[in-house]
Amino acid sequence: MQNLISNFNYVIVVILMMIGLWSMLAQKNLIKKCIGMAIFQTGIILFFISIGAKDNALIPILTEAANHTYHDPDVAKVANPLTQILMLTAIVVGVATLGVGLALAQKIYQQHSSFDEDEILENQRK
Amino acid sequence: MTEQLPIVIILGPLLGAVLAAFTAWFRPKLSHPLVVVGLGISFAAALKLVFIVADSGAQKYWLGGWGTKQGHGVVGIQITVDHLNTLLLAAVSGIALLTAQYTKRLVDAELAGRQRYFYALFSLLVTGLLGITITGDIFNLYVFMEIAALSSYALIAYGRGRAYMASFNYLIMGTMGACLYLLGVGFVFAKAGTLNIDDVSAIIPELGQSQALFVGFVLILLGAWAKMAFFPFHGWLPNAYAYAPTASTALLAPLATKVSVYAMLRIMVTVYSIDYIIHSPATQSLVLYLSSLAIVAASFFSLTQTNLKKLAAYFVLSEIGYMVGGAWLANKPGLTGAMVHVVADAAMTSALFMAIGCIVYRLGQAQLDDLKGVFFKMPVTMAAFVVTMAALIGVPPTCGFFSKWYLIQGAAQAGVWHFVAALLLSSLVKAIILFRIIEIGYNRVPHPAIEGNPAIPRNEAPLSMLIPTVAMALGLIALGLGTSTLVNTIISKALPAALTP
Amino acid sequence: MSTLPIWQFDALLLIMVVLFAVVALSIRNLMGAAIVFGAYSFMMCLIWAGMGAVDVAFTEAAVGAGVSTVFVMSTLYNTGATMHRRTGGLAFKLFIGVVVTVAGVFLLSALPDLPAWGDPDSPVNAAVAPYYITHTIADAHVPNVVTSVLADYRGFDTLLETTVVFIACIAIYSILRVDKAKLETDEPAVVAAPRYDPGDSLIVRQASRFMVPFMQLFALYVIAHGHYSPGGGFQGGVILGASLILLAISFDLKFLLRQWSEKTLMMLVASGVFLYAAVGLACVFMGGNYLDYGELNSILPGERDMARSHGILLVEIGVGITVMFSMIAIHINLASNGRFDRGL
Chain A
1 MQNLISNFNY VIVVILMMIG LWSMLAQKNL IKKCIGMAIF QTGIILFFIS IGAKDNALIP
61 ILTEAANHTY HDPDVAKVAN PLTQILMLTA IVVGVATLGV GLALAQKIYQ QHSSFDEDEI
121 LENQRK
Chain B
1001 MTEQLPIVII LGPLLGAVLA AFTAWFRPKL SHPLVVVGLG ISFAAALKLV FIVADSGAQK
1061 YWLGGWGTKQ GHGVVGIQIT VDHLNTLLLA AVSGIALLTA QYTKRLVDAE LAGRQRYFYA
1121 LFSLLVTGLL GITITGDIFN LYVFMEIAAL SSYALIAYGR GRAYMASFNY LIMGTMGACL
1181 YLLGVGFVFA KAGTLNIDDV SAIIPELGQS QALFVGFVLI LLGAWAKMAF FPFHGWLPNA
1241 YAYAPTASTA LLAPLATKVS VYAMLRIMVT VYSIDYIIHS PATQSLVLYL SSLAIVAASF
1301 FSLTQTNLKK LAAYFVLSEI GYMVGGAWLA NKPGLTGAMV HVVADAAMTS ALFMAIGCIV
1361 YRLGQAQLDD LKGVFFKMPV TMAAFVVTMA ALIGVPPTCG FFSKWYLIQG AAQAGVWHFV
1421 AALLLSSLVK AIILFRIIEI GYNRVPHPAI EGNPAIPRNE APLSMLIPTV AMALGLIALG
1481 LGTSTLVNTI ISKALPAALT P
Chain C
2001 MSTLPIWQFD ALLLIMVVLF AVVALSIRNL MGAAIVFGAY SFMMCLIWAG MGAVDVAFTE
2061 AAVGAGVSTV FVMSTLYNTG ATMHRRTGGL AFKLFIGVVV TVAGVFLLSA LPDLPAWGDP
2121 DSPVNAAVAP YYITHTIADA HVPNVVTSVL ADYRGFDTLL ETTVVFIACI AIYSILRVDK
2181 AKLETDEPAV VAAPRYDPGD SLIVRQASRF MVPFMQLFAL YVIAHGHYSP GGGFQGGVIL
2241 GASLILLAIS FDLKFLLRQW SEKTLMMLVA SGVFLYAAVG LACVFMGGNY LDYGELNSIL
2301 PGERDMARSH GILLVEIGVG ITVMFSMIAI HINLASNGRF DRGL
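In structure tokens:
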């Protein structure tokens, strides 16, 4: 059961990333491409968080310190903060890219009245 | 003070960009000078560091003062200036500085009324590229990569019309590349536990044959390839560079793809070490076939182009093939050739696009067939153009000859004859195209010096654009003459010691 | 065992996330896709919170589920496109499907080599990370380890991340912004968005008017208290931005632009990044390396560790300023198609 659960997490992560990647490359609608991009990125974030997870660990806020009853923390019981920082950065970069992608899509729609790549290419050839 | 120089390289363009964006709202004329000053400071620091590194070796800088802590490795973020990247840092900041001055007229002409943030984005792109080159932390590289990428999407979109779709396609491919890179970093991180390049390179040999590390390596490679438009991820480049305004392409074309090649080199040479490459001969020969294919396909397509900008974009694609193939030959001349070519190609592409920019500025468009008489209208520009094409073909004493010489030597040594054939073929194609341009620009109109022929008015590009173009073209020759000095003092020291000669 | 108390819950969330992703990508109604995407982000949030990544979950809830969904909806609302037609090209889609499957199998091949899920002694958990956990109080006096790593140990990454938000803001501005005076000659008029009638939403307007000050107070708390509780510059900045976006949506875009002019917004976006970079530069002038806040103890009260704590607060404020005004500016640009006249 333990093995199944630990592998299940990674398998779901890979499936999620591949769904996002497929959508980015194969779908013709510009908005769907953007959403696929966001799904791919969140899948990667889930992967990072998974590799930094610890069994039965608490959140990385040393509350005893806040209450001035501080003693050396048991590292195995505190969740890994490093992967979390990296993923905070990744989320923000992701939304920034999504914003720029949407702005470009809107401008393209303004020109061609369509979000569909095939229609746009046809329009451009005219 | 000199120990702060590495961070000055990054801070110059970053602060220049932020101040330019701030003052753009009440003193728009200050944007250009602020950016030029920022780039100038950066170039001065990078140049000084070239000499420092040549004398005393690699310079390491820890941000926040967080260096190595006992038993944990480096706990902060490190930036390193060593033999591998010091020349590229000077080249990127120098070319950016020259291009910033060069593009002023183009921006005023092509982007009238819309240029509020152009120079801020320009400077931010340079910040991203310099950051990729200087960083010593694999996750930090991802963030810098995205800084460069977002700025370039906006710079391309300034072209309007077809540039929006081109920029969107670039966004999708570029983000895919960055995400693959990040995923690869995840696998490496999962096995190594640290993100610092020096620490990871020490840990990887101890881990031996590891599937996760191999997957990480392939993903990072694919990410870098998507960013540098290596076959089969090249689809976005010709459209993006052709429809972007000439001012943007003058900065993007020479620098963006070369820095991604450097990132690949850094991962191959420092993080994973050349032994890793040598021990996977199947991957090596696959990549070499892809490189040759990239070179041949790009050369073939360049023959069919009628637009000068698209033509130049296909040249860029073939040059990428040179560098990737040279690096994957994994022997001394091959790697030396790849490293020399990164700097040489940046200079050659910059000169090429500057010359094209001058032509576009004066003639208003860039179709090959409309270049009739251009050798008489713009003699100085075309002289620079011919020198640049000669460098691309590989004529001594330009820098293009020396880098090609190393590459051919390396390929012959490794017995990879298809690569040699591809290199020679692409030189031949470039020569054909040069002669075609000479024929159109020189011969299709009656020669004015011959009696009775009508005079063709000279309409040379403005001095602010002409001087950087000529300087860059002369620089190609100077770089060529100085290649052996550079190789002996700096590049040979960047090669790993355990490499077959 | 999973870190969640009931492993079935974890498994259920993971399955639902995949389902939502598939639905978001296959549904034909684009507005519906945006909503389902928002739901997907919230599910991800829960999974991450369950794994102990509360700061990440907070950021995803604010940025991913909140702001991203609003951006997609503003884009769609403005263009009036709702359905995407079923196109052909089945062969290409199948080809990409095969490529993606091969890639997925390749990724899974590394599975046996990866450390066991949740192992506290894996390289990731045992190499550099323990230093942060054991030394955060001694070095910076900040109990939230994530904040101290984000703003101090890896503060350079956060400066660059803030720059990324700044770049997105000016990039979107450069792409979309059009001057009304040049409207007729430049590009074809946008498809007319449905007319917004402010007369019949008294409840919405008064309710949002009531909510905004509380949102802003909470956001300021999140920024300031990021040292002790989940939070920090990004989350607080996004909530501040959201409070003003709420005003723009419930009243009118012009209402917001009367309070905060375009010029103020864009100048303040740049000032946040400048504050962060300037704090780092001040450290250099005090004799240390860039972003070495400990050097600021000569001008800030307290010893080196308290100086670090104050330095972290200063940069978090810089981050909050940039993120707040970026989100607002991006929303205005997307919602009004760059015209700054009317929008959602």
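Residue numbers (this note's numbering), protein chains in the order written: chain A, 1 to 126; chain B, 1001 to 1501; chain C, 2001 to 2344. For each residue, glycine too, the CB sits at the ideal point set by N, CA and C.
In the DSSP assignment, find the alpha helix (DSSP H) that holds residue i and state where it starts and stops.
i, result
"W2117 of chain C", "Where W2117 of chain C is concerned, there is no enclosing alpha helix (DSSP H), given that its DSSP letter is neither H nor E."
"K1060 of chain B", "Premise fails: K1060 of chain B lies in the beta strand (DSSP E), Q1059 to W1062, not in any alpha helix (DSSP H)."
"I35 of chain A", "L30 to I51"
"V75 of chain A", "Here V75 of chain A belongs to no alpha helix (DSSP H), and DSSP marks it neither H nor E."
"V1133 of chain B", "The amino acid at residue 1133 of chain B is misidentified as Val; the sequence shows Thr. Looking at the DSSP string, the run of the alpha helix (DSSP H) that includes T1133 of chain B is F1118 to I1134."
"Q1409 of chain B", "C1399 to A1414"
"A2168 of chain C", "G2155 to L2176"
"G1016 of chain B", "L1005 to T1023"
"V1395 of chain B", "First-last for V1395 of chain B: undefined, no H or E at that position."
"M1173 of chain B", "A1163 to A1192"
"A2278 of chain C", "E2262 to F2285"
Rounding to the nearest angstrom, what Cα-Cα distance links residue i and residue j in this structure?
i, j, result
"A2224 of chain C", "L2313 of chain C", "7 angstroms"
"Y2221 of chain C", "N1239 of chain B", "48 angstroms"
"A1212 of chain B", "L1063 of chain B", "30 angstroms"
"V2023 of chain C", "V2164 of chain C", "30 angstroms"
"T2069 of chain C", "G1334 of chain B", "49 angstroms"
"G1403 of chain B", "L1252 of chain B", "Inspection of the sequence shows that residue 1403 of chain B is occupied by Ser rather than by Gly. Taking the straight line from one Cα to the other gives about 22 angstroms."
"Q1413 of chain B", "L1288 of chain B", "14 angstroms"
"A1192 of chain B", "M2051 of chain C", "21 angstroms"
"K1503 of chain B", "V1342 of chain B", "With chain B covering only 1001 through 1501, there is no way to say anything about residue 1503 of chain B."
"S1350 of chain B", "L1106 of chain B", "15 angstroms"
"I108 of chain A", "I2175 of chain C", "11 angstroms"
"A1190 of chain B", "F1401 of chain B", "43 angstroms"
"A1226 of chain B", "Y1181 of chain B", "10 angstroms"
"L1121 of chain B", "A1247 of chain B", "12 angstroms"
"S2041 of chain C", "V2072 of chain C", "13 angstroms"
"A1045 of chain B", "A2039 of chain C", "49 angstroms"
Sorted by chain position, which residues of the same chain lie with C-beta nearer than 6 angstroms to residue i's C-beta, five sequence neighbours on each side aside?
i, result
"A1330 of chain B", "I1274, I1277 and I1278"
"T1068 of chain B", "V1074"
"G2241 of chain C", "M2324, M2327 and I2328"
"F2058 of chain C", "P2230 and Q2235"
"V1126 of chain B", "P1013 and A1096"
"M1389 of chain B", "L1434"
Output needed for residue i: all residues of its chain with C-beta closer than 8 angstroms, excluding positions within five of it in sequence on either side, in chain order.
i, result
"M87 of chain A", "I45, F48 and I49"
"L1371 of chain B", "L1308, I1359, L1363, I1437, I1440 and G1441"
"A79 of chain A", "G52, A53, K54, A57, L58, I59 and P60"
Using alpha carbons as the reference points, say which of the options lies closest to residue i.
i, options, result
"S2250 of chain C", "C:T2059, C:A2021, C:V2284 and C:Q2206", "C:Q2206"
"P1457 of chain B", "B:P1379, B:L1479, B:V1470 and B:T1023", "B:P1379"
"P1281 of chain B", "B:A1109, B:I1433, B:V1416 and B:I1450", "B:V1416"
"L2114 of chain C", "B:F1187, B:A1178, B:V1050 and B:G1174", "B:F1187"
"I51 of chain A", "C:A2116, C:L2160 and C:G2320", "C:A2116"
"G2233 of chain C", "C:A2039, C:E2161, C:A2129 and C:F2106", "C:E2161"
"R1114 of chain B", "B:C1179, B:L1089 and B:W1025", "B:W1025"
"V2102 of chain C", "A:I120, A:E117 and A:M17", "A:M17"
Should residue i be flagged as near chain F, meaning a C-beta pair shorter than 8 angstroms?
i, result
"I2133 of chain C", "Any reference to chain F falls outside this structure, whose protein chains are A, B and C."
Can you tell me where the beta strand (DSSP E) holding residue i begins and where it ends?
i, result
"V1081 of chain B", "Q1078 to V1081"
Excluding sequence positions up to five away, which residues of its chain have a Cβ less than 7 angstroms from the Cβ of residue i?
i, result
"L1015 of chain B", "G1038"
"F1230 of chain B", "A1294, I1320 and V1324"
Q: Taking only beta carbons into account, state which residues of the segment 47-59 of chain A come closer than 8 angstroms to chain B, listed in chain order.
A: Listed in sequence order: F47, F48 and I51.
**Q.** Contact list for the segment 2153-2176 of chain C against chain B, Cβ threshold 7 angstroms
**A.** Cβ contacts with chain B: Y2153, R2154, G2155, F2156, D2157, L2160, E2161, T2163, V2164, I2167, A2168, I2170, A2171, Y2173, S2174 and I2175.
Q. Taking Cβ-Cβ distances below 9 angstroms as the criterion, which residues of the segment 2279-2304 of chain C are in contact with chain B?
A. So the close ones are G2280, L2281, C2283, V2284, G2288, N2289, Y2290, L2291, D2292, Y2293, G2294 and E2295.
Q.
Which residues of the segment 32-47 of chain A have a Cβ closer than 7 angstroms to any Cβ of chain C? Give them in chain order.
A. Hits within the stretch, in order: K32, I35, G36, A38, I39, T42 and L46.
Q | Against chain A: residues of the segment 2041-2066 of chain C by CB proximity under 8 angstroms | A | Of all residues in the segment 2041-2066 of chain C, S2041, M2044, I2047, W2048, M2051, G2052, A2053, V2054, D2055, V2056, T2059, E2060, V2063 and G2064 have a Cβ within less than 8 angstroms of some Cβ in chain A.
Q: Compile a chain-ordered list of the residues in the segment 1114-1129 of chain B whose CB is closer than 8 angstroms to at least one CB of chain A.
A: None of the residues of the segment 1114-1129 of chain B has a beta carbon lying less than 8 angstroms from any beta carbon of chain A.
Q: Return the residues of the segment 2248-2270 of chain C that lie within a Cβ-Cβ distance of less than 7 angstroms from chain B, sorted by chain order.
A: If the cut-off is 7 angstroms between Cβ atoms, the segment 2248-2270 of chain C has K2263, M2266, M2267 and A2270 near chain B.
Q: May I ask you to list, following chain order, the residues of the segment 2324-2342 of chain C that have a beta carbon less than 8 angstroms from some beta carbon of chain A?
A: Taking 8 angstroms as the upper bound on Cβ-Cβ separation, chain A lies near residues I2330, N2333, L2334 and N2337 of the segment 2324-2342 of chain C.
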